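Each protein sequence line maps, in turn, to chains G and V.
Under our numbering, the first sequence has 127 at position 127, and the numbering climbs by one with no breaks.
Under our numbering, the second sequence has 318 at position 151, and the numbering climbs by one with no breaks.
Presented below is the structure to which this report refers.
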Amino acid sequence: MTRSTLINIRNFTLVLLAQVLVFSRIHLFGYATACIYLIFILKLPRHTSLNALLLWGFTAGIVVDMFCNTPGMNAAAATAMAFARNMFLATFTHKGLPDDFIPGAKSIKWGGYLVYSLMCILLFFTILFLLELFTAGHILPLLISIAGSTLLTMLFVIVTECFSFSK
Amino acid sequence: MQSILNLLIKYNHWFLFTLLEGISIVLLLFFNNYHSAVFFTSANGIAGNIYSMITDVEGYFNLKDENMRLVEHNRLLSEELQAMGKELSAYKDSTMLAGNGFVAANRGNFTFGTAKVINGSLNRVNNFITIDKGSSDGVTTEMGVFNEQGVVGIVRQTSENFAIVLPLLNSKSMISCRVKGSNSFCTLKWDGTELQHSYLIDLPRYALFEQGDTVVTSGFSSIFPAGIPVGEIQNLEDSDDGMFYRAKVKLYVNFSSIDNLFIVGHKKKNEQEILEESMNKEK
Numbered sequence: 001m002t003r004s005t006l007i008n009i010r011n012f013t014l015v016l017l018a019q020v021l022v023f024s025r026i027h028l029f030g031y032a033t034a035c036i037y038l039i040f041i042l043k044l045p046r047h048t049s050l051n052a053l054l055l056w057g058f059t060a061g062i063v064v065d066m067f068c069n070t071p072g073m074n075a076a077a078a079t080a081m082a083f084a085r086n087m088f089l090a091t092f093t094h095k096g097l098p099d100d101f102i103p104g105a106k107s108i109k110w111g112g113y114l115v116y117s118l119m120c121i122l123l124f125f126t127i128l129f130l131l132e133l134f135t136a137g138h139i140l141p142l143l144i145s146i147a148g149s150t151l152l153t154m155l156f157v158i159v160t161e162c163f164s165f166s167k
Numbered sequence: 168m169q170s171i172l173n174l175l176i177k178y179n180h181w182f183l184f185t186l187l188e189g190i191s192i193v194l195l196l197f198f199n200n201y202h203s204a205v206f207f208t209s210a211n212g213i214a215g216n217i218y219s220m221i222t223d224v225e226g227y228f229n230l231k232d233e234n235m236r237l238v239e240h241n242r243l244l245s246e247e248l249q250a251m252g253k254e255l256s257a258y259k260d261s262t263m264l265a266g267n268g269f270v271a272a273n274r275g276n277f278t279f280g281t282a283k284v285i286n287g288s289l290n291r292v293n294n295f296i297t298i299d300k301g302s303s304d305g306v307t308t309e310m311g312v313f314n315e316q317g318v319v320g321i322v323r324q325t326s327e328n329f330a331i332v333l334p335l336l337n338s339k340s341m342i343s344c345r346v347k348g349s350n351s352f353c354t355l356k357w358d359g360t361e362l363q364h365s366y367l368i369d370l371p372r373y374a375l376f377e378q379g380d381t382v383v384t385s386g387f388s389s390i391f392p393a394g395i396p397v398g399e400i401q402n403l404e405d406s407d408d409g410m411f412y413r414a415k416v417k418l419y420v421n422f423s424s425i426d427n428l429f430i431v432g433h434k435k436k437n438e439q440e441i442l443e444e445s446m447n448k449e450k
């Protein structure tokens with residue numbers, strides 16, 4: 001097992017504990033919930049193989065599902081997001097970057113990173129809340145939930161990025 | 168053959184993607200009636216134990232409120248006891264009736280237990296509550312759950328030490344109810360929007376109801392004994408097909424602060440169910 005895998009497992013555990021013990025319990029105005037564990041998938045290196053990305057996404061999703069009694073919902077959405085991630089990321093890749101960079105404000109500029117994160121997170125929440133609607137629900141609260149949760153999660157993406165950028 | 172293998176290797180991530188999404192969708196679809204899916208919920212050992220640790224810590228922060236509520240509940244109970252005592256002395260003359268009364272017989276049909284909430288959600292269309300009692304404490308599915316304020320929900324799944332309760336605030340929950348003072352019964356169902364309100368969906372049109380009437384459990388379903396309070400009627404409207412009334416009900420239970428619960432089970436439930444099932448088969 002390589003060093004980077006161990007670091008990934010450590011980050012994975014920390015971010016998921018924070019997610020299920022703190023963030024999954026906060027529902028701002030009853031609509032917005034932050035899914036900070038997505039940051040873990042966003043920040044995996046560019047050349048992580050697609051299969052590894054899918055497994056990371058699925059595992060993270062199923063763990064959150066176990067704690068929130070939503071079997072399959074987070075897992076389906078996170079797997080889809082992990083699948084689409086490299087396609088979104090390819091849009092912002094330019095020459096002059098090292099081969100295996102970590103997506104972030106340093107490597108692909110603030111603008112690129114924010115649009116990339118927004119696309120991923122919007123995709124995630126759209127699938128998540130559509131699956132919830134599929135079991136039962138209403139359209140308007142669904143749209144508010146998608147927008148609210150996406151914005152709230154973006155806020156945490158920006159905050160984490162500010163911290164790692166200043167280092 | 169070689170080309171098929173090449174195809175498989177070239178598109179292997181598509182197959183993995185489809186497989187993982189397939190697993191997710193199967194979990195999503197079969198959660199409700201697939202009992203081994205209990206592993207993927209907060210009733211499994213790991214999640215349940217982490218949650219009960221956190222709840223132990225959190226419990227200290229709520230002690231004051233909880234005490235206030237218990238004191239208040241105690242006061243109500245002792246008031247009730249006094250009233251009962253008075254009533255009982257009034258009936259002393261007809262001891263024959265009270266001695267082998269229907270009430271006493273009915274009470275003997277139910278067992279009661281207590282449990283504590285360790286996890287729960289309120290913000291979804293399908294909410295769940297996890298409690299700290301499971302099959303090893305005698306909790307089984309389809310047991311009724313209530314607290315001192317009123318009906319909370321029905322046990323949906325159990326593991327050895329934990330159980331998941333389907334509260335009234337779940338679009339899949341249906342509870343057989345009766346409006347106090349009338350004999351017609353109806354079903355309580357949540358529409359997924361407001362936290363403190365649910366709806367009686369099939370009130371018969373011939374029955375007369377008023378705002379403020381109390382809704383209690385009917386006792387027909389053998390899950391709850393008859394007469395546990397549920398809520399009070401706020402307003403009446405026509406149902407979508409115009410065949411029934413639809414009543415908005417303000418629920419008595421404050422779901423955002425539930426903690427200690429009572430669990431009730433019917434001792435002769437199996438007997439009743441087997442009888443009802445054999446009846447259905449004959450049709």
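From the three backbone atoms N, C-alpha and C, an ideal C-beta is built for every residue, glycine too.
On a predicted model such as this, the values are computed, not experimentally measured, just so you know.
- In the three-state scheme derived from DSSP, where H, G and I count as helix and E and B as strand, Cys35 of chain G is classed as coil.
- Judged by beta-carbon spacing, Thr33 of chain G lies within the 9 Å limit of Ile26 of chain G, meaning their Cβ atoms are closer than that value.
- With respect to Val312 of chain V, Gly320 of chain V sits close: the two C-beta atoms are nearer than 9 Å.
- In the structure shown, the three-state DSSP call for Pro371 of chain V is coil.
- For His47 of chain G, not one C-beta of chain V is nearer than 9 Å to its own C-beta.
- When the Cα atoms are used, Leu367 of chain V and Met81 of chain G turn out to be separated by approximately 40 Å.
- Separation of the CB atoms of Val431 of chain V and Pro392 of chain V is rounded to 7 Å, and the pair is thereby assigned contact status at 8 Å.
- For Leu44 of chain G, there is no enclosing alpha helix (DSSP H), as DSSP marks it with neither H nor E.
- With a cutoff of 9 Å on beta-carbon distance, Met73 of chain G and Ser191 of chain V are scored as near each other.
- Counting along the chain, Phe277 of chain V sits inside the beta strand (DSSP E) bounded by residues 277 to 287.
- Closest option to His47 of chain G, judged by alpha-carbon separation, among G:Phe124, G:His138, G:Gly30, G:Arg85: G:Arg85.
- Take the alpha-carbon of Ile144 of chain G and the one of Glu132 of chain G: they are about 14 Å apart.
- The count of Cβ pairs closer than 8 Å, one atom from the stretch 104 to 121 of chain G and one from the stretch 232 to 250 of chain V, stays below three, leaving the stretches out of contact.
- For Met341 of chain V, there is no enclosing alpha helix (DSSP H); the residue is found in the beta strand (DSSP E) stretching over 341 to 346.
- For Thr126 of chain G, the three-state secondary structure derived from DSSP is helix.
- Residue pairing for Val416 of chain V: DSSP places it in a beta bridge opposite V:Ser365, V:Ile400.
- Spatial neighbours of Met341 of chain V in its own chain (CB-CB distance under 8 Å, excluding positions within 5 residues in sequence) are listed in chain order as Thr354, Leu355, Lys356.
- Met446 of chain V counts as exposed, since fewer than 16 other beta carbons sit within 10 angstroms of its beta carbon.
- Residues of the same chain with a CB within less than 6 Å of the CB of Gly317 of chain V, apart from the 5 flanking positions on each side, are Pro396, Val397, Tyr419, Val420 in chain order.
- If you check the CB distance, Ser303 of chain V and Ser343 of chain V do not come in under 9 Å.
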